[in-house]
Amino acid sequence: MAYSKKVIDHYENPRNVGALDPKDATVGTGLVGAPACGDVMKLQIKVDDRGIIEDAKFKTFGCGSAIASSSLVTEWIKGKTIDEASTIKNTEIAQHLSLPPVKIHCSMLAEDAIRAAIKDYKQKHKAV
Amino acid sequence: MVTRPIYLDYQSTTPCDPRVLKVMLPYFTEEFGNPHSRSHAYGWRAEEAVEKARSQIATLIKADPREVIFTSGATESNNLAIKGVAHFYKAQKDHIVTCATEHKCVLDSCRHLEQEGFKVTYLPVQPNGIIDLNVLKESLTDRTILVSIMAVNNEIGVIQPLAEIGKICRERNIFFHTDAAQAVGKIPIDVEAMNIDLLSLSSHKIYGPKGVGALYVRRKPRVRLQSFISGGGQERGMRSGTLSPPLCIGLGEACKIAQAEMAMETIRLKALRDRFYHIIATSLEDVYINGDSEKRIPGNLNLSFAYVEGEGLMMGVKDLAVSSGSACTSASLEPSYVLRALGIDEDMAHTSIRFGFGRFTTEEEIDLAAEKIIKEVNRLRDMSPLWEMSRQGIDIKSIQWTEH
Chain A
285 MAYSKKVIDH YENPRNVGAL DPKDATVGTG LVGAPACGDV MKLQIKVDDR GIIEDAKFKT
345 FGCGSAIASS SLVTEWIKGK TIDEASTIKN TEIAQHLSLP PVKIHCSMLA EDAIRAAIKD
405 YKQKHKAV
Chain B
11 MVTRPIYLDY QSTTPCDPRV LKVMLPYFTE EFGNPHSRSH AYGWRAEEAV EKARSQIATL
71 IKADPREVIF TSGATESNNL AIKGVAHFYK AQKDHIVTCA TEHKCVLDSC RHLEQEGFKV
131 TYLPVQPNGI IDLNVLKESL TDRTILVSIM AVNNEIGVIQ PLAEIGKICR ERNIFFHTDA
191 AQAVGKIPID VEAMNIDLLS LSSHKIYGPK GVGALYVRRK PRVRLQSFIS GGGQERGMRS
251 GTLSPPLCIG LGEACKIAQA EMAMETIRLK ALRDRFYHII ATSLEDVYIN GDSEKRIPGN
311 LNLSFAYVEG EGLMMGVKDL AVSSGSACTS ASLEPSYVLR ALGIDEDMAH TSIRFGFGRF
371 TTEEEIDLAA EKIIKEVNRL RDMSPLWEMS RQGIDIKSIQ WTEH
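Below, the structure is given as structure tokens:
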């Protein structure tokens with residue numbers, strides 16, 4: 285299978301690989317996917333007091349398209365408010381990376397990861 | 011010059027040996043006769059060359075040349091053996107025994123027969139990939155006509171106990187077919203000593219041309235087949251159609267070379283494989299061999315690199331031509347059914363890579379390949395959430411994953 289240039293670029297030079305402290309109240313963590321399905325994404329966001337995502341980190345177990353999708357969304361969500369970030373659609377990710385139909389699930393997983401991270405952050409703040 | 015990836019996919023196919031090509035070439039041009047033409051020298055010369063090739067194949071598997079018929083490859087041989095026997099004897103018997111890790115063309119032939127009303131038993135394999143002979147014995151009934159068990163598995167390279175299976179089948183008067191596409195020319199095969207009644211082999215797995223293979227069909231006791239190609243009755247009526255002399259001759263020459271070099275090549279490949287594994291295993295943790303570590307052909311190593319997805323890894327080692335048990339590359343997204351049959355968890359099946367070594371693999375290539383694999387596995391583990399969890403002592407199985 286031929287990968288698009290953008291997928292290769294993100295795979296070879298992934299942006300924002302790493303981890304944030306999941307116990308930090310300003311950090312939201314999303315863990316989606318399953319090892320049995322061949323892809324797991326962990327996306328973390330650090331949100332400032334204005335609700336803006338000031339930092340994002342990811343770690344992904346999966347194929348090149350899964351790694352590229354998560355790398356791309358960390359770039360996209362940084363600087364956005366959590367409300368703006370939650371409007372990112374998998375179709376935009378798939379289109380940007382020119383994912384073939386068989387890899388669309390990678391972009392859906394990346395969308396799920398954003399939502400899961402935001403949900404985790406919001407739950408923490410409800411508790412505070 | 012464009013540098014090409016290091017080829018480590020010898021179970022998929024092999025390059026045609028230049029020595030093989032050399033003997034084939036005249037039969038494309040000046041020696042163009044139809045081997046079935048009986049009335050002139052063009053035909054006789056082609057026939058003579060084809061029959062020599064048939065003998066070369068027979069010699070390699072200790073058969074009589076009259077028991078070898080040419081086909082288009084192992085897929086056709088497997089179809090002909092399984093469907094041909096089932097159809098011919100269907101009035102008397104209707105049960106077939108095969109194995110869960112067989113090649114798709116065997117499994118699909120069996121599925122096809124099930125739709126026609128035949129009964130098929132798919133034997134499980136043990137965690138090492140080898141069938142349990144007691145389970146085989148228990149599966150046999152008075153209705154069993156055929157047992158079809160592959161000699162060597164194409165993904166994990168494990169060798170099935172052919173002689174033992176043959177003995178069990180002969181005692182019960184059941185035909186024994188083996189798909190030996192990955193075995194012939196790699197390990198000694200003796201259809202007499204192993205009581206094999208039908209054997210499929212392929213040319214392009216043993217450095218011969220693509221598009222040709224053979225089926226061994228025992229004469230004593232006689233095995234009969236219902237052919238599915240109607241025509242001039244060539245190949246003892248089992249496979250009509252004009253043979254391709256260059257392809258047949260290429261296969262014959264490939265068998266001759268494989269036989270002459272098997273002993274030395276086995277030692278050489280084993281040393282290369284062990285060297286490769288040693289470098290990997292001493293540099294990386296959590297690497298597992300899939301399939302029995304002893305009972306396997308020397309040219310195969312199937313490894314799972316825990317916490318690194320196979321397709322992702324292959325993309326990182328694009329200078330290596332390998333294949334993965336993670337079927338993310340195929341349309342199904344299901345990991346390898348062979349690895350699943352071994353009882354390997356799906357998550358581990360997704361991390362497997364098949365390395366195939368062969369005649370043209372060098373030590374330099376092995377060292378370079380191992381180095382690239384180690385570098386890439388380390389890079390991908392650094393960005394794997396599963397690796398991170400495992401380092402924190404979290405059991406991945408304890409997490410409630412959302413399957414998608």
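So the sequences go chain by chain: A and B. Quick note: the first sequence uses our numbering, first residue 285, plus one each step. Quick note: the second sequence uses our numbering, first residue 11, plus one each step. Even glycine gets a Cβ: it sits at the ideal position worked out from N, Cα and C.
Inter-residue Cα distance where the pair is residue i and residue j
i	j	result
B/T23	B/S213	9 Å
B/R229	B/G195	23 Å
A/H470	B/A331	Residue 470 of chain A lies beyond the range of chain A shown here (285 to 412); nothing can be said about it.
A/K290	A/A369	21 Å
B/P198	B/R182	25 Å
A/A303	A/F342	7 Å
A/A352	A/L381	8 Å
B/A73	B/R246	16 Å
B/E319	B/G366	19 Å
A/L393	B/I384	28 Å
B/E356	A/P319	7 Å
B/L133	B/S47	46 Å
A/K373	A/E395	6 Å
B/H360	A/I292	20 Å
B/T151	B/R180	14 Å
B/Q125	B/R153	17 Å
B/S303	A/L315	36 Å
A/W360	B/I289	40 Å
B/Y37	B/D19	29 Å
Nearest-angstrom Cβ-Cβ length linking residue i and residue j, presumed shorter than 8 Å
i	j	result
B/R249	B/I239	6 Å
A/G317	A/M325	6 Å
B/R285	B/P308	Their Cβ separation, rounded to whole angstroms, is 12 Å, which puts B/R285 and B/P308 out of contact at 8 Å.
B/I155	B/I106	7 Å
B/L208	B/L225	7 Å
A/A340	A/L356	The Cβ separation is near 11 Å, so there is no contact.
B/H97	B/Q244	Incorrect: roughly 20 Å between the Cβ atoms, too far for contact.
Nearest residue (CA-CA) to residue i, options the options
i	options	result
B/A270	B/G127, B/I354, B/I216 and B/D74	B/I216
B/S293	B/S303, B/H360 and B/N388	B/N388
B/Y17	B/A190, B/E374 and B/D392	B/E374
B/S394	A/K364, A/K289 and A/G348	A/G348
A/A401	A/I366, A/G322, A/S391 and A/V386	A/I366
B/E165	B/G176, B/K305, B/S334 and B/T39	B/S334
A/I329	A/E338, A/K373, A/D323 and A/G322	A/E338
B/F370	B/I299, B/L279, B/L311 and B/M325	B/L279
A/G335	A/A350, A/L383, A/G363 and A/G314	A/G363
B/G83	B/Q236, B/L211 and B/I67	B/L211
B/G368	B/L311, B/I354 and B/I406	B/L311
B/A316	B/L123, B/M324 and B/E295	B/E295
B/T412	A/C321, A/N300, A/K307 and A/P298	A/C321
B/L31	B/G262, B/L313 and B/D405	B/G262
B/L70	B/A190, B/L390, B/N138 and B/G53	B/A190
B/P171	B/Y52, B/M325 and B/L146	B/L146
B/S149	B/I141, B/T131, B/E41 and B/G139	B/T131
B/I184	B/V162, B/V233 and B/L390	B/V233
B/R14	B/D392, B/V327 and B/G353	B/V327
Nonlocal neighbours in the same chain, by C-beta distance under 6 Å from residue i, ignoring five residues either side
i	result
B/R64	P75 and V78
B/C115	T85 and N88
Local Cβ density within 10 Å of residue i, reported as buried at 16 or more and exposed below that
i	result
B/F80	buried
B/R364	buried
B/C338	Its pLDDT being 48, under 50, B/C338 is placed unreliably in this model, and the coordinates cannot settle the point.
B/S408	exposed
B/M274	exposed
B/N144	exposed
A/Q407	exposed
B/E202	exposed
A/A309	exposed
B/D329	exposed
A/K387	buried
B/P345	buried
A/T371	exposed
B/A68	buried
B/S49	exposed
A/N297	exposed
B/L35	exposed
B/K103	buried
Close Cβ partners of residue i (< 8 Å) along its chain, the five nearest in sequence each way excluded
i	result
B/A291	V297
B/Y347	A110 and T111
B/I267	D27, R29, V30 and Y217
B/G221	S82, G83, S213, H214, S254 and L257
Neighbourhood of residue i by C-beta, 7 Å cutoff - its chain only, sequence neighbours within 5 removed
i	result
B/S119	N88, N89, I92 and K93
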